[in-house]
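In our numbering, the protein residues as written are 3 to 252.
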């Protein structure tokens, strides 16, 4: 099959990155939202409409052929996070057009509160113009002001790795994602798997739902998540915490 991959990098924060030459000292436009500046914060229609475009070009580079995230889903992800997640976003525009997006996420769990996960997205055609550095500076400055002392991020392309290195981040973990094309499947193997499935599935059943996890399955789902928190993280300075049944439903 075909696959992609990336790497995690982290660094201790001693202030935001220096400003690149020619950048607007005012920085990009910050997009406030519930959980950041309060539920009463207002977003203009133009700012909201720019979100998919700011994300789309980079997502297409990382996951070619995959459909873009629907607008309503993206807005909910950015501005309606779970109670113990703190999320902010900044939009960079040039002549009114979106040219980059930064996202900063923290888990307020009593253990990882001072660690911030920062993602900077700049379309390939707009790179090496100071946009990414401007977005990173603003996001890291905001995180430092909230008490963060470490930053981590994921790089899926060589340009991202070079950008992280320029910010003083160090490589901590490799991550690989593989994709199997349906047209490349072994038909005989698939047939054997289907024939053997009843015997292998004895005692198991598949359960699904739409929307919030039902009360009946919230506890078992929390147990399933809990069984994965000890997965190896190499040198990533992050201590994942278990979710309760209530948090699973949030």
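Positions of the beta carbon are idealized from the N, C-alpha and C atoms, including for glycine.
From residue i to residue j, what distance separates their C-alpha atoms?
i           : j           : result
residue 187 : residue 195 : 12 Å
residue 312 : residue 126 : The chain is shown only over 3 to 252; residue 312 falls outside these bounds and no answer can be derived.
residue 292 : residue 223 : Given a span of 3 to 252 for the chain in the structure shown, any question on residue 292 remains unanswerable.
residue 148 : residue 72  : 30 Å
residue 172 : residue 166 : 8 Å
residue 150 : residue 239 : 13 Å
residue 75  : residue 65  : 18 Å
residue 210 : residue 216 : 10 Å
residue 59  : residue 67  : 12 Å
residue 163 : residue 145 : 21 Å
residue 155 : residue 232 : 20 Å
residue 2   : residue 91  : Outside the modelled stretch of the chain, which goes from 3 to 252, sits residue 2, for which no answer is possible.
residue 214 : residue 184 : 31 Å
residue 161 : residue 116 : 27 Å
residue 199 : residue 193 : 10 Å
residue 83  : residue 190 : 45 Å
residue 136 : residue 79  : 23 Å
Below 8 Å between beta carbons: does that hold for residue i and residue j?
i           : j           : result
residue 103 : residue 96  : no
residue 50  : residue 86  : no
residue 178 : residue 237 : no
residue 269 : residue 138 : Since the first and last residues shown for the chain are 3 and 252, residue 269 lies out of range.
residue 113 : residue 142 : no
residue 89  : residue 63  : no
residue 118 : residue 140 : no
Excluding five sequence neighbours on each side, which residues of the same chain lie with their C-beta closer than 8 Å to the C-beta of residue i?
i           : result
residue 205 : none
residue 245 : 224, 227 and 228
Run through DSSP, which three-state label would residue i get?
i           : result
residue 136 : helix
residue 142 : helix
residue 40  : Note that residue 40 has pLDDT 24, beneath the 50 cutoff, so the model's placement of it is unreliable and the number below is only indicative. It is coil, neither helix nor strand.
Between which residues of its own chain and residue i is the CB-CB distance below 6 Å, once the five residues before and five after are set aside?
i           : result
residue 247 : 220, 221 and 224
residue 53  : 76
What residues in its chain sit with their C-beta under 7 Å from that of residue i, if we drop five residues either side in the sequence?
i           : result
residue 24  : A caution first: residue 24 carries a pLDDT of 33, below 50, which makes its placement in the model unreliable, though a value can still be read off. The residues are 132.
residue 123 : 56, 57, 60, 102 and 103
- Task: Ignoring anything shorter than 3 residues or poking outside the stretch 69–113, list the beta strand (DSSP E) runs there in chain order.
- Result: 87–96 and 99–109
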